[in-house]
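The block underneath contains the structure these notes are about, expressed in structure tokens.
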Amino acid sequence: MGIPKLKAELRENGGKAYSKKLRKEGFLPGVIYGHNKETRPLKVKIANLKKILNRYGIGTTVNIELEGEVVPAIIKEVQDAIVKDDLVHVDFQQLSANEKIRVHVPIILLGKDKAGSSTSTIQQQLTKLEMQCFPKYIPQNVTVDVSNLEEGESITIEDLDIYNNENIHIMHEPKEIVASLTSTSREEKEEEKEEVSFFESTTSILDS
Numbered sequence: 377m378g379i380p381k382l383k384a385e386l387r388e389n390g391g392k393a394y395s396k397k398l399r400k401e402g403f404l405p406g407v408i409y410g411h412n413k414e415t416r417p418l419k420v421k422i423a424n425l426k427k428i429l430n431r432y433g434i435g436t437t438v439n440i441e442l443e444g445e446v447v448p449a450i451i452k453e454v455q456d457a458i459v460k461d462d463l464v465h466v467d468f469q470q471l472s473a474n475e476k477i478r479v480h481v482p483i484i485l486l487g488k489d490k491a492g493s494s495t496s497t498i499q500q501q502l503t504k505l506e507m508q509c510f511p512k513y514i515p516q517n518v519t520v521d522v523s524n525l526e527e528g529e530s531i532t533i534e535d536l537d538i539y540n541n542e543n544i545h546i547m548h549e550p551k552e553i554v555a556s557l558t559s560t561s562r563e564e565k566e567e568e569k570e571e572v573s574f575f576e577s578t579t580s581i582l583d584s
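Okay, so the sequence shown: first residue is 377 according to my numbering, each after it adds one.
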């Protein structure tokens, strides 16, 4: 799977009115920084960025086509509007081929429909994997097959194929749980315990 491309253009350093105008025209204002270079203001098409975000998420690596050059970068941060479900601003961190970087890569579970049942359900305890490596080794995502999990079993960091990749340093404890197949009845009991505990604590406060 190749690194997604994203076309960008340099923009003015404007205020809120200018940024609002850009968004109305279908562009999202942003900046690119890092690799000992000055921060450069840019704009990207909102629709193109959303496609990448929907497929890979924040933290993914992209090749930004900017002024005739291809700049490898990470989607570092995306700001959303508080009231509306709209994107407001995006930050890209430029990468250097010779420098290791710490990133968070999305974890995608495969086979969830085969693992669950009427009495059990898949629980994903970890949605992103933190790692450190050179840019060329950064995966777009980490897939985990949970189709063969039995009730009560779990998949930990050390069970992942990427854990043994000598080019990537995983920033998690080996025994940290990524996903597990949990009994539905046990989950309900835990929820009931929490409700009872909350009721008892509330009653105690009212009686005092």
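Glycine included, each C-beta is placed from N, C-alpha and C at the ideal position.
Label residue i either buried or exposed according to how many other C-beta atoms from any shown protein chain fall within 10 Å of its C-beta, with 16 as the threshold for buried.
i, result
"Gly-444", "exposed"
"Lys-512", "exposed"
"Ser-496", "buried"
"Glu-563", "Model confidence at Glu-563 stands at a pLDDT of 48, short of 50, so the residue's coordinates are unreliable; what they give is reported in the following sentence. The residue is exposed, with fewer than 16 neighbouring Cβ atoms inside 10 Å."
Can you tell which of the options has the C-alpha that lies nearest to the C-alpha of residue i?
i, options, result
"Ala-384", "Ser-496, Lys-400, Lys-421", "Lys-421"
"Leu-502", "Asn-543, Pro-511, Met-547, Gly-528", "Met-547"
"Lys-551", "Ile-531, Asn-430, Ile-544", "Ile-531"
"Leu-382", "Ile-450, Gly-410, Leu-486", "Ile-450"
"Lys-392", "Val-464, Pro-482, Val-446", "Val-464"
Terminal residues of the continuous beta strand (DSSP E) containing residue i?
i, result
"Asp-456", "445-456"
"Ser-559", "553-559"
Quick one: grab the DSSP three-state call for residue i.
i, result
"Glu-534", "helix"
"Pro-482", "strand"
"Ala-473", "coil"
"Ser-496", "strand"
"Arg-387", "coil"
"Pro-511", "helix"
"Leu-502", "coil"
"Asp-489", "helix"
State the Cα-Cα distance for the pair residue i and residue j, rounded to the nearest angstrom.
i, j, result
"Arg-478", "Glu-401", "34 Å"
"Glu-526", "Phe-403", "47 Å"
"Thr-560", "Lys-490", "16 Å"
From what residue to what residue does the alpha helix (DSSP H) around residue i run?
i, result
"Asn-430", "422-432"
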